[in-house]
Each structure stands twice: as structure tokens, then as C-alpha cells.
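Counting along the sequence shown from 1, when you hit position 59 you're at 59 in the numbering used here, and nothing is skipped either side. Data block below; observations after.
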Amino acid sequence: IAKRVLPLRGFGSVTVNAMKAKPLQYKTFKEDVLPDFIGQTDTTALRKLINLQHKYPIQYIMKGKGKVVAQDPKPGVPLKKVTTITLVLE
């Protein structure tokens with residue numbers, strides 16, 4: 001699949017090989033459900049919690065420091081039903 005390209009600033013014509021590629025299939029991401037915080041650092045989880053607070057009236061509690069070990073409620077719960085998110089860190 002080669003096509004000719006017009007001269008660019010006096011360099012003559014160039015043959016460019018183009019490949020057709022499928023677009024990447026990204027994981028489906030739903031904004032209206034609670035994400036999975038387990039395994040994330042405290043700063044990364046805090047950034048995500050603050051971004052969630054801009055969209056939903058959510059309070060959060062973080063216990064400990066390090067990486068997130070457990071969370072309540074579980075991931076996948078609709079954010080409209082969540083009022084408080086508790087993250088337990090190492």
C-alpha cells in the first residue's frame with residue numbers, strides 16, 4: 001500500500017508506505033460507577049476521590065498510609081447510591 005507524495009521544498013517525490021491499522025480496543029470505562037482503588041498509592045487514590053467529589057456529593061475516609069488494601073463499598077457500585085467511601089491502606 002504505497003502512495004506517491006508531492007515534492008516537499010524541492011526534495012522530489014517520495015514514496016510513503018502506509019499500513020492500515022485497527023483502532024485500539026480500550027477497556028470500557030463507566031464514569032457513573034465506583035472505581036477500583038485496591039493496589040493504588042494513597043496519592044493516586046486521593047486524586048481520584050477529589051475528582052469524584054467534583055461530580056458527586058461524596059465524603060471519603062482514608063485509614064493508614066501506603067497502598068490501598070481494602071475499600072468499602074465494593075467497586076462497581078453506582079455513585080448515585082454512595083455517600084461515603086472508606087479506603088483502608090497498609
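The C-beta atom is built at its ideal place from N, Cα and C for all residues, glycine as well. As the structure is a prediction and not an experimental result, all values here were calculated from the model.
- DSSP places residue 50 inside the alpha helix (DSSP H), whose first and last residues are 42-55.
- From the listed residues 67, 64, 61, 81, the smallest Cα separation to residue 34 is found for 81.
- When DSSP states are grouped into helix, strand and coil, residue 67 belongs to the strand group.
- Counting C-beta atoms within 10 angstroms of its own C-beta, residue 70 has fewer than 16 neighbours from the protein chains shown and is therefore classed as exposed.
- Counted as a single uninterrupted DSSP element, the stretch harbouring residue 58 is not any beta strand (DSSP E), since DSSP gives it neither H nor E.
- Per DSSP, reduced to three states, the secondary structure at residue 79 is helical.
- Listed in chain order, the non-local C-beta contacts of residue 72 below 6 Å within the same chain comprise 86, local neighbours out to five positions each way being set aside.
- Boundaries of the beta strand (DSSP E) around residue 87: 84-89.
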